[in-house]
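Enquirer: Just dropping this structure here.
In our numbering, the protein residues as written are 19 to 256.
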């Protein structure tokens, strides 16, 4: 498998602040395509340890291919809610010197139309970080109430036209299932009265709605709360 390139933002600044001991134990809880992990390993000595996790099985496949032979690495596919059990199993709970989380969707996930994250590419409306677990975005949209849709699009997407968008989506799904990324994007654009034009708005009208639905499907805020508690308890004292 060839690793798709993804350049983390503020890479060196993050690593400078994180890796303070070359023999320390560190956790990259959002491996992605390994940009942070590679930089961390370059700072670690032979006695250092790097734990790598991600929800996405494709990311874990890249991790194993790229770093599987490095004896300093431990790799696991799990959501944030599974971190505590894994750390305890390895004997690293309460021993970590640093934890890194680069939240959100990655460039490779956006680039793969079949993952359903991007409104710029025709694909099935999936949006799951782990495509083997849970409901797809299409399944979630099919049963969410108008009130729930409006609340989540407003709260997770900070979309001021959330009520109008929710009403449009519920009206549309009564006629036909909302099953593709471009179908959803067009419905949101229509609800907002947006038409693509040269020199117009740079931000696509569906950006905030896609973010909100992705966060709901993957339970991102719930997972984040768990991860913060896990990270704090997993850090070494002193």
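Cβ coordinates follow ideal geometry from the N, Cα and C atoms, glycine included.
These numbers were taken from a predicted model, which means no experiment stands behind them.
1) Across the region 218 to 228 and the region 80 to 92, are there enough close Cβ pairs to call them in contact, namely three or more that are closer than 8 Å?
2) What does the Cβ neighbour count give for residue 68, buried or exposed, with the cut at 16 atoms within 10 Å?
3) Taking C-alpha atoms, which residue in 165, 189, 194 lies nearest to residue 180?
4) Applying the criterion that 16 or more other CB atoms from any shown protein chain within 10 Å of the CB defines a buried residue, is residue 209 buried or exposed?
5) Quick one: is residue 132 buried, meaning 16 or more other Cβ sit within 10 Å of its Cβ, or exposed?
6) Closest to residue 162 by C-alpha separation, out of 140, 146, 185, would be which residue?
7) So residue 141 and residue 199 are in contact, right, with Cβ under 8 Å, and what is the actual spacing, rounded?
8) Taking the alpha-carbon of residue 14 as reference, which of 26, 82, 110 has the nearest alpha-carbon?
9) Under 7 Å Cβ to Cβ from residue 176, same chain only, skipping five residues before and after it: list those, please.
10) Excluding five sequence neighbours on each side, which residues of the same chain lie with their C-beta closer than 6 Å to the C-beta of residue 46?
11) How many Å lie between residue 154 and residue 64 at the Cα?
12) Would you please state the rounded distance, in angstroms, between the beta carbons of residue 98 and residue 242? I believe it to be under 8 Å.
13) I'd like to know whether the C-beta of residue 150 is nearer than 9 Å to at least one C-beta of chain D.
14) Is it right to say residue 247 is buried, meaning 16 or more other beta carbons lie within 10 angstroms of its own, or is it exposed?
15) Which term fits residue 151, buried or exposed, when burial requires 16 or more other beta carbons within 10 angstroms of its beta carbon?
16) Thinking residue 61 and residue 40 are a contact (beta carbons under 8 Å), I'd like their distance in whole angstroms, please.
17) Out of 34, 113, 229, 57, state which residue places its alpha-carbon closest to the alpha-carbon of residue 146.
18) Sort 26, 108, 28, 73 by Cα distance to residue 43 and report the nearest one.
19) Report the CB separation of residue 231 from residue 159 in whole angstroms; it is logged as a contact under 8 Å.
Expert: From the atom records:
1) no
2) buried
3) 165
4) buried
5) exposed
6) 185
7) 5 Å
8) Examination of residue 14 is not possible in this model, given that the chain is present from 19 through 256 alone.
9) 226
10) 54, 55, 70, 118
11) 42 Å
12) 7 Å
13) This model lacks chain D altogether, as it is built from one protein chain only.
14) exposed
15) exposed
16) 6 Å
17) 229
18) 108
19) 7 Å
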